[in-house]
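Since the structure comes first, as structure tokens, the remarks are kept for the end.
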Amino acid sequence: MAARDYAADKESIKSFLTEFYRDGDDGSKDFKYGQQLVRLAHREQVALIIDLDDVADVEPDLCDGITENTQRYVSIVADVVQELLPQYKEKEIVHKDALDVYIEHRLLMEQRLHPESEVTRHPMNRYPVELMRRFEIYFKAQNDQKNLAIRNVKAESIGKLVCVKGIVTRATEVKPLMQVATYTCDQCGAETYQPITSPTFMPLMMCPSQECTTNRSGGRLYLQTRGSKFVKFQELKIQEHSDQVPVGNIPRSMTVFCRGETTRQVQPGDHICVTGVFLPLMKVGFGQVTQGLLSDTFLESHRIVRMNKTEDDELDAQELTQEEIQQVTEDDFYEKLASSIAPEIFGHEDIKKALLLLLVGGVDKSPKGMKIRGNINICLMGDPGVAKSQLLGYIDRLAPRSQYTTGRGSSGVGLTAAVMKDPLTGEMMLEGGALVLADQGVCCIDEFDKMMDGDRTAIHEVMEQQTISIAKAGIMTSLNARVSILAAANPAYGRYNPKKTIEQNIQLPAALLSRFDLLWLIQDKADRDNDLRLAQHITYVHQHNVQPASQFTPLDMRLMR
3 MAARDYAADK
13 ESIKSFLTEF
23 YRDGDDGSKD
33 FKYGQQLVRL
43 AHREQVALII
53 DLDDVADVEP
63 DLCDGITENT
73 QRYVSIVADV
83 VQELLPQYKE
93 KEIVHKDALD
103 VYIEHRLLME
113 QRLHPESEVT
123 RHPMNRYPVE
133 LMRRFEIYFK
143 AQNDQKNLAI
153 RNVKAESIGK
163 LVCVKGIVTR
173 ATEVKPLMQV
183 ATYTCDQCGA
193 ETYQPITSPT
203 FMPLMMCPSQ
213 ECTTNRSGGR
223 LYLQTRGSKF
233 VKFQELKIQE
243 HSDQVPVGNI
253 PRSMTVFCRG
263 ETTRQVQPGD
273 HICVTGVFLP
283 LMKVGFGQVT
293 QGLLSDTFLE
303 SHRIVRMNKT
313 EDDELDAQEL
323 TQEEIQQVTE
333 DDFYEKLASS
343 IAPEIFGHED
353 IKKALLLLLV
363 GGVDKSPKGM
373 KIRGNINICL
383 MGDPGVAKSQ
393 LLGYIDRLAP
403 RSQYTTGRGS
413 SGVGLTAAVM
423 KDPLTGEMML
433 EGGALVLADQ
443 GVCCIDEFDK
453 MMDGDRTAIH
463 EVMEQQTISI
473 AKAGIMTSLN
483 ARVSILAAAN
493 PAYGRYNPKK
503 TIEQNIQLPA
513 ALLSRFDLLW
523 LIQDKADRDN
533 DLRLAQHITY
543 VHQHNVQPAS
553 QFTPLDMRLM
563 R
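Counting in the numbering used here, the sequence shown runs from 3 upward without gaps.
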């Protein structure tokens with residue numbers, strides 16, 4: 003691969019920003035980036051978002067270069083914008099912030115004290131470009147760029163612009179991150195600037211100014227926070243969707259660093275698509291000694307899109323073949339769909355239809371402020387050995403967004419949300435539980451009757467209000483949990499006793515039972531003919547690993563999704 007001519011690319015970017023336009027509806031020319039530059043010059047906008055589809059229309063080669071080496075082009079575009087902004091400034095900025103006033107005073111003082119000093123000053127005493135910039139550069143990936151699963155982002159993607167899809171499991175508070183440190187000397191009063199590019203830095207101690215060096219006065223530097231520049235910083239943790247995890251594997255997670263305008267866009271439980279640069283993070287301090295050449299990785303975010311269910315479905319939608327379209331348009335398609343749910347399980351046709359309705363769900367209604375949920379909650383109560391857990395396992399695999407948990411293996415905090423200590427800052431933060439991660443999906447809870455009463459009460463609010471309210475460790479918030487709950491439980495005495503009442507058999511609180519829309523009682527009644535058919539079905543499945551032949555072929559799981 004030939005080395006790129008970055009000087010030529012800089013000129014190409016300058017002409018692109020000034021000359022690119024789209025034809026408007028009224029026949030006029032709409033200079034998309036020219037308008038953004040005017041707003042940047044007047045400080046009405048902070049982020050300049052460059053759509054790579056627009057770049058590809060003009061210069062496909064430049065678009066490839068940006069995708070391959072994004073960080074380098076961020077600095078090139080920033081330099082170009084800094085040059086162009088004075089041309090687009092049509093009015094004086096009335097409002098000035100602390101940094102404007104600070105720099106103005108410093109320039110006046112410089113001119114008064116050292117009229118000719120600009121040439122002879124130490125390079126670190128000149129104003130860094132990062133201090134003067136009041137804008138941020140972000141790239142929007144091309145529409146045809148494929149969204150990767152977290153486990154598919156590997157070493158060859160380092161430094162490139164990638165799109166990753168996942169669910170937010172953790173979001174820290176937004177904190178100021180130092181970008182340029184400004185120091186003042188206690189002897190000569192000169193200022194020194196230190197741009198910071200790494201996660202940690204060593205503060206400067208000795209003054210490098212000409213006066214202190216000549217006089218050998220040994221002036222000490224003190225940090226000036228008002229004259230330094232900070233940017234907003236937030237760290238996210240995203241995890242793979244359940245449909246992206248191969249069977250038997252643990253979901254992978256990735257750290258996302260958000261700066262500036264990309265912060266405060268998501269909260270735990272949100273399904274997002276992140277466009278960003280995949281970068282290594284070298285360990286510092288003691289970690290570098292113990293782990294040697296290993297480094298952590300993170301995604302420097304450029305664009306975050308929150309996906310609702312329809313956008314997610316459109317994203318994953320693939321063209322149907324002619325044969326599949328024919329299957330979908332047949333009259334008995336509803337029967338076929340229901341029978342295709344766990345076809346290796348014998349019978350339970352009505353239960354399978356109910357599970358199909360649970361997967362499809364209803365529509366949320368909000369008449370005059372009152373919310374009526376559209377999600378369906380189902381409880382399967384039945385004797386041992388009637389394939390309740392198998393049905394739950396199949397629904398978990400079939401639903402694009404799902405979480406599977408058991409009554410004994412999960413606590414109330416694990417289902418809702420936990421308050422954790424952030425290892426970076428030592429502050430408390432929220433980490434979403436199973437119900438938050440299954441937002442706009444299905445949460446399957448097996449052995450529901452064996453849950454502790456204290457843990458079971460955590461589900462009450464989710465099943466009716468579809469939210470999780472938290473007031474712990476100074477964190478007061480409400481998380482979305484728009485989830486359908488599919489629970490499986492055994493009767494109180496192991497098997498259903500017909501001589502006792504339903505209340506005595508189902509020993510679950512009335513407040514919880516009222517929140518289930520469908521309660522299925524599955525009994526294992528002794529019937530010679532039915533038991534014979536069931537035994538033949540089970541032995542066939544065990545011998546051939548497929549269900550017995552029937553009048554129709556079960557639909558593929560991908561088509562059902």
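Even glycine gets a Cβ: it sits at the ideal position worked out from N, Cα and C.
Quiz item: Got a sec? Which residues, its chain only, sit under 8 Å from leucine 50 by beta carbon, not counting five neighbours each side?
Solution: Tyr35, Gln38, Leu39, Leu42, Val79, Val83, Phe137, Glu138, Ile139, Tyr140
Quiz prompt | Alpha-carbon to alpha-carbon, threonine 72 and glutamine 144 | solution = Taking C-alpha positions only, glutamine 144 is separated from threonine 72 by approximately 14 Å.
Exercise. List the DSSP bridge partners of methionine 430.
Key: Lys423
Practice problem: Flag this pair as yes or no: are the beta carbons of glutamine 269 and alanine 173 separated by less than 8 Å? | Solution: yes
Exercise. Quick one: residues in its chain with C-beta nearer than 8 Å to the C-beta of arginine 305, no 5 flanking neighbours on either side, listed in chain order?
Key: Ile51, Tyr140, Phe141, Lys142, Ala143, Thr264, Val276, Thr277, Gly278
Quiz item: Grouping DSSP H, G and I as helix and E and B as strand, with all else coil, what is glutamate 466?
Solution: Of the three classes helix, strand and coil, the one that applies to glutamate 466 here is helix, per DSSP.
Exercise. Could you check how far apart the C-beta atoms of leucine 301 and valine 166 are, in whole angstroms? I think they sit under 8 Å.
Key: 6 Å
Quiz item: Taking the alpha-carbon positions, what's the glutamine 392 to alanine 344 distance?
Solution: 8 Å
Practice problem: Could you tell me which uninterrupted beta strand (DSSP E) segments, each at least 3 residues in length, are contained entirely in the stretch 137-223, listed from first to last along the chain? | Solution: Complete beta strand (DSSP E) runs here, min 3: 138-142, 163-173, 177-187, 193-197.
Practice problem: May I have a chain-ordered list of the beta strand (DSSP E) segments no shorter than 3 residues that lie completely inside the stretch 393-422? | Solution: Listed in chain order, the complete beta strand (DSSP E) runs (minimum 3 residues) inside the stretch 393-422 are 404-408.
Practice problem: In angstroms with no decimal places, state the Cα-to-Cα distance between asparagine 154 and cysteine 187. | Solution: 50 Å
Quiz item: Touching or not, the stretch 244-258 and the stretch 395-406, by the rule of three or more beta carbon pairs under 8 Å?
Solution: yes
Practice problem: May I have the straight-line CA-CA distance separating alanine 5 from glutamine 236, to the nearest angstrom? | Solution: 35 Å
Practice problem: Give every residue of the same chain whose Cβ lies closer than 7 Å to the Cβ of glutamate 132, excluding the five residues on either side of it in the sequence, and list them in chain order. | Solution: Excluding sequence neighbours, glutamate 132 sits near Gln181, Val182, Pro197, Lys231.
Self-check item: Inter-stretch contact (C-beta, 8 Å, three-pair minimum) for the stretch 486-498 and the stretch 376-383
Solution: yes
Self-check item: Own chain partners of proline 178 with C-beta closer than 8 Å, once the 5 adjacent residues on each side are dropped
Solution: Phe232, Val233, Lys234, Phe235
Quiz item: Can the beta-carbon of valine 464 be found less than 8 Å from the beta-carbon of leucine 437?
Solution: yes
Quiz item: How many Å lie between aspartate 55 and leucine 339 at the Cα?
Solution: 40 Å
Quiz item: Per DSSP, leucine 360 is paired with what?
Solution: Paired residues: none, contrary to the question.
Exercise. Whole angstroms is fine: what's the gap from histidine 124's alpha carbon to methionine 208's?
Key: Its pLDDT being 47, under 50, histidine 124 is placed unreliably in this model, and the value from its coordinates should be taken loosely. Rounded to the nearest angstrom, the two C-alpha atoms are 13 Å apart.
Exercise. Can you tell me which of the three DSSP states isoleucine 15 falls into?
Key: Isoleucine 15 falls in the helix class under three-state DSSP.
Exercise. Identify, in the order they occur along the chain, each residue of the same chain with its Cβ nearer than 8 Å to the Cβ of arginine 308, setting aside the five sequence neighbours on each side.
Key: Gln267, Val268, Asp272, His273, Ile274
Self-check item: First and last residue of the uninterrupted alpha helix (DSSP H) at asparagine 507
Solution: 504-507
Self-check item: Beta-ladder partner(s) of arginine 261, from DSSP
Solution: Phe235
Exercise. Enumerate in chain order the residues of its own chain whose CB-to-CB distance from aspartate 32 is below 8 Å, with the five nearest sequence positions on each side excluded.
Key: Excluding sequence neighbours, aspartate 32 sits near Tyr23, Arg24, Asp25, Gly26.
Quiz prompt | Where isoleucine 447 falls, given that 16 or more other Cβ within 10 Å makes a residue buried | solution = buried
Quiz prompt | Integer-rounded CB distance, given that leucine 359 should sit under 8 Å from leucine 400 | solution = Rounded, the Cβ-Cβ distance is 14 Å, inconsistent with contact.
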